[in-house]
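J.:
Protein chains in written order, with our numbering: chain Y, 623 to 734; chain Z, 20 to 132.
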């Protein structure tokens, strides 16, 4: 069956460290993968998109990698800050109509 | 802010009732997707509307229906509400059905008692 897996346990790190979040998927062949940030009670906010032919993408303190052989994406936040505390969702394009399939998210807590 | 608005913010209904949720897409966007997000889960795709027509549907029963208007705003209707319909309902607008990036609204929190 098709699955998108993100660490269900919260990730706690110290301010200034690099946070690394994982997204694994099975039985999908996505054209691209996206990462979103979601704060409690709010809608997801788009962060980065990486296509199947791209290995890495960066935006300011954010970096995403995409390994279609391992079926895995890693999401890094460098020099993390308490304001980065949120739930981070990965989403795949499945079905080719821009209908996203989301993982259940990983909650990141950055301690001052 | 994404420019996508949803109303109402919160809603409480009882089992068996019907509900209509509304979404105004970002200016210049002609495609709207609706998602249901249960507590602790990621959003699940309900359906998508492109230029007033349904352009794909997820694994939701027919009692979930939608509309898109000429100004590209959209409605989600749910009939015969069940307790499991309690969730955050999100709409996302895209510039068009070929555009990858989606911009989400703040959501409507529906509670079914």
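C-beta atoms are modelled at their ideal positions from N, C-alpha and C, and glycine is treated no differently.
1. Could you check what DSSP says for residue 643 of chain Y in three-state terms: helix, strand or coil?
2. Quick one: Cα of residue 73 of chain Z to Cα of residue 728 of chain Y, how far?
3. With H, G and I counted as helix, E and B as strand and the rest as coil, what does DSSP make of residue 102 of chain Z?
4. I'd like the ranges of any beta strand (DSSP E) spanning at least 3 consecutive residues and lying wholly in the region 672 to 710 of chain Y.
5. Of the choices Z/42, Z/112, Z/121 and Z/79, whose alpha-carbon is the least far from that of residue 127 of chain Z?
6. DSSP three-state call for residue 36 of chain Z: helix, strand or coil?
7. Quick one: which chain Z residues come within Cβ less than 8 Å of residue 680 of chain Y?
8. Please list, in chain order, the chain Z residues whose beta carbon lies closer than 9 Å to that of residue 662 of chain Y.
9. Going by DSSP in three states, residue 630 of chain Y sits in which element: helix, strand or coil?
10. Kindly indicate which three-state DSSP category residue 74 of chain Z falls into: helix, strand or coil?
11. Residues of chain Y with CB under 7 Å from residue 52 of chain Z, in chain order?
12. For the ligand MG, is there any heavy atom lying closer than 7 Å to the beta carbon of residue 687 of chain Y?
13. Determine the closest residue to residue 124 of chain Z out of Z/32, Z/115, Z/33 and Z/40, with distance taken between C-alpha atoms.
14. Could you give the DSSP three-state label for residue 636 of chain Y: helix, strand or coil?
15. Which residues in chain Y have a C-beta closer than 7 Å to the C-beta of residue 122 of chain Z? List them in chain order.
16. If you reduce the DSSP assignment to three classes, tell me which class residue 50 of chain Z lands in.
17. Nearest-angstrom Cα distance between residue 86 of chain Z and residue 645 of chain Y?
18. Would you say residue 47 of chain Z reaches chain Y, if we count a Cβ-Cβ gap shorter than 8 Å as a contact?
19. Let me know if residue 725 of chain Y comes out buried or exposed under the rule of 16 or more other beta-carbons within 10 Å of its beta-carbon.
20. Tell me which residues of the region 93 to 111 of chain Z have at least one Cβ-Cβ distance to chain Y shorter than 7 Å, keeping chain order.
21. Within 10 angstroms of its Cβ, does residue 70 of chain Z collect 16 or more other Cβ (buried), or is it exposed?
22. Would you call the region 670 to 687 of chain Y and the region 629 to 639 of chain Y in contact, with 3 or more CB pairs under 8 Å?
T.: Answer, in terms of the structure:
1. strand
2. 32 Å
3. In this structure, residue 102 of chain Z counts as helix in the three-state DSSP scheme.
4. 678 to 681, 684 to 689 and 694 to 699
5. Z/42
6. Here residue 36 of chain Z sits in coil by DSSP.
7. Under the 8 Å cutoff, chain Z gives no residues; its nearest Cβ is about 17 Å from residue 680 of chain Y.
8. The contacting residues do not exist; residue 662 of chain Y stays about 10 Å from chain Z at best.
9. coil
10. strand
11. 721
12. Ligands in the displayed structure: none, and consequently the ligand MG is not present.
13. Z/40
14. strand
15. 668
16. strand
17. 33 Å
18. Chain Y, which has no Cβ nearer than 8 Å to the Cβ of residue 47 of chain Z, makes this no.
19. buried
20. 109
21. exposed
22. no
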